[in-house]
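Report on the structure given below.
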Amino acid sequence: MTILIYFVTFIVIAVLLFYVLGYGYIFNGISKTYLRGKLSANIDDGTLFSGNLIATESPELWEESPEYNKKQLPKNIVEDLTKSNTASFIVVKNGKLLHEQYWNGYNQLSKTNSFSMAKAVTVMLLGKALEEGKIKSLDDKFSDYFEEFKNKDFAKNLTLKHLAQMESGLDWDENYKNPFLPNAKAYYGKNLMNATFSRKFKENPGERFEYQSGSTQLLGFAIKKTVGQSLASYLSEKFWIPMGMEQNATWSTDENGMEKTYCCIHSNSRDFAKLGQLFLNDGKVENKQILNPDFINTMRTPTKNSEEIYGMGFWINHDNPIKHYYFLGLQGQYIIMIPEHDMVIVRTGSYNNLPKNDRGRPDQVRFLVNETVKVFQ
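If you're matching positions, the sequence shown starts at 0 in numbering that gives the first Met the number 0 and goes up one per residue.
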């Protein structure tokens, strides 16, 4: 009995210590993963978090190609998609739905987590706010929006462009497995401002490329301050509705209603494909320009500091014979744009330990581009 009392006392003290040290969010993470039989965040966890609605009003279904689903995927693609625990695989060519396939109980209506594909969507909102004059310039200083950053080492000259291009100099370890590092605190914690504004800066902005979720979250705070509404409603108004998205979506938030702008838009694969088509069309939906083409070109232009693999929100591969750029999310969420073939590829799923040997880019993306073009060119 005495041993039990000591054990319970130890547990209580340990739990209290975790909260005092700012790690209380770990218990929330445990309840949303291990206690549900999961080892990490997953594509189906949208209902576990609070979220803001991204509404559509007049859904427009994809026009199907005359060759829609008439051609079977070859064995090598099927094997790759199967072993990587794929949920959906969609191919759009010349603006029409050409191939659509689902696995593991997922279907056209299934909403899955975008994870970091949302980073490019956040940059899209930046572009729209610039276009509408809500933000004056990409070179606006972040400290002009939040004065406390004027007193942070290295942060005084931080610009919105630095944040969008992942050149902020923020002290943020982009580690998805260590629960004591900032990604876990942002994902499972209650307060995104606390998780990001508390971080220090380790070097001058603009000197080095380092992919960081914290940079996009800071960018999200600046955009929200300028547009004067939730980012989900702004996304709905400026993109979801004009694009005729097939379904409403949700954007996960913290307990204050702030969107997790580095991740977590829960939508279906057909609507993810519409995002890709928007960029192939240089920002047009039918005859309406809904995103400035000059800004789009900035998004998909690789930067020198990234050694030509990243623009603003997009990963870029001009090394491959078939050039492409793409939205990229944890566990293999892709919206891939292939301009020379007027093709969009969407793949969603749960590819844990996704190999990234291609200069930080997933090998699977290059494989799917090369092999899918062979099949459908």
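All residues carry an ideal CB built from backbone N, CA and C; glycine is no exception. Note that the structure is predicted; figures quoted are calculated from it, not measured.
Considering just the uninterrupted stretch of the beta strand (DSSP E) at residue i, what are its terminal residues?
i	result
Lys92	85-92
Asn316	314-316
Phe114	Counting along the chain, Phe114 falls outside any beta strand (DSSP E), and DSSP gives it neither H nor E.
Ala40	From DSSP, Ala40 is part of no beta strand (DSSP E); its letter is neither H nor E.
Gln100	95-101
Thr371	Careful: Thr371 lies outside any beta strand (DSSP E), inside the alpha helix (DSSP H) at 362-375.
His323	323-328
What number of angstroms, rounded off, separates the C-alpha of residue i from the C-alpha of residue j?
i	j	result
Leu47	Thr252	11 angstroms
Pro241	Lys273	11 angstroms
Leu290	Lys283	7 angstroms
Ala128	Val343	26 angstroms
Tyr186	Ser349	17 angstroms
Lys224	Tyr144	8 angstroms
Lys135	Tyr210	25 angstroms
Ile308	Tyr333	15 angstroms
Asn194	Glu63	As written in the sequence, residue 194 is Ala, which differs from the Asn given in the question. One C-alpha to the other measures close to 44 angstroms.
Pro354	Thr302	23 angstroms
Ala231	Leu52	6 angstroms
Thr55	Asp152	43 angstroms
Arg346	Gly227	34 angstroms
Trp413	Ala248	Summary: the structure shown does not reach residue 413, with the chain confined to residues 0 through 376, and so no result is reported for it.
State buried or exposed for residue i, treating a residue as buried only when at least 16 other CB atoms are found within 10 Å of its CB.
i	result
Arg358	exposed
Ile29	exposed
Gln164	buried
Pro65	exposed
Gln363	buried
Gln288	exposed
Gly168	buried
Asn316	buried
Leu16	Bear in mind that the predicted position of Leu16 carries a pLDDT of just 45, short of 50, making it unreliable; the figure below should be weighed with that in mind. Flag for Leu16 reads exposed.
Ser212	buried
Glu306	exposed
Gln330	buried
Pro292	exposed
Which first and last residues belong to the alpha helix (DSSP H) in which residue i is found?
i	result
Ile240	Per DSSP, Ile240 belongs to no alpha helix (DSSP H) and is neither H nor E.
Tyr233	230-234
Ile295	292-298
Phe220	212-226
Ser268	268-279
In chain order, what residues of the same chain have a beta carbon less than 8 angstroms from the beta carbon of residue i, not counting five sequence neighbours either side?
i	result
Ile337	Ile321, Lys322, His323, Val343, Ile344, Val368, Val372
Ser109	Ala86, Ser87, Tyr101, Asn267, Ser268
Asp341	Lys92, Asn93, Gly94, Leu279
Glu258	Asn51, Gly219, Lys223, Ser229, Leu230, Ala231, Trp250, Ser251, Thr252
Gly256	Ser49, Asn51, Ser229
Arg207	Glu166, Gly168, Asn304
Taking 6 angstroms as the limit between beta carbons, can you name the residues of its chain near residue i, skipping five residues before and five after?
i	result
Thr215	Lys118, Thr121, Thr260, Tyr261
Lys95	Glu62, Ser64
Thr162	It is worth fixing the name first, because residue 162 is Leu in this sequence and not Thr. For Leu162, where only same-chain residues beyond five positions count, the Cβ hits under 6 angstroms are Ser214, Leu217, Leu218.
Given residue i, which residues of its chain have a CB within under 7 angstroms of its CB, disregarding the five upstream and five downstream residues?
i	result
Pro73	Val374
Asn68	His98, Glu99
Could you say if the stretch 217-232 and the stretch 172-179 meet the contact criterion of at least three C-beta pairs nearer than 8 angstroms?
-> no
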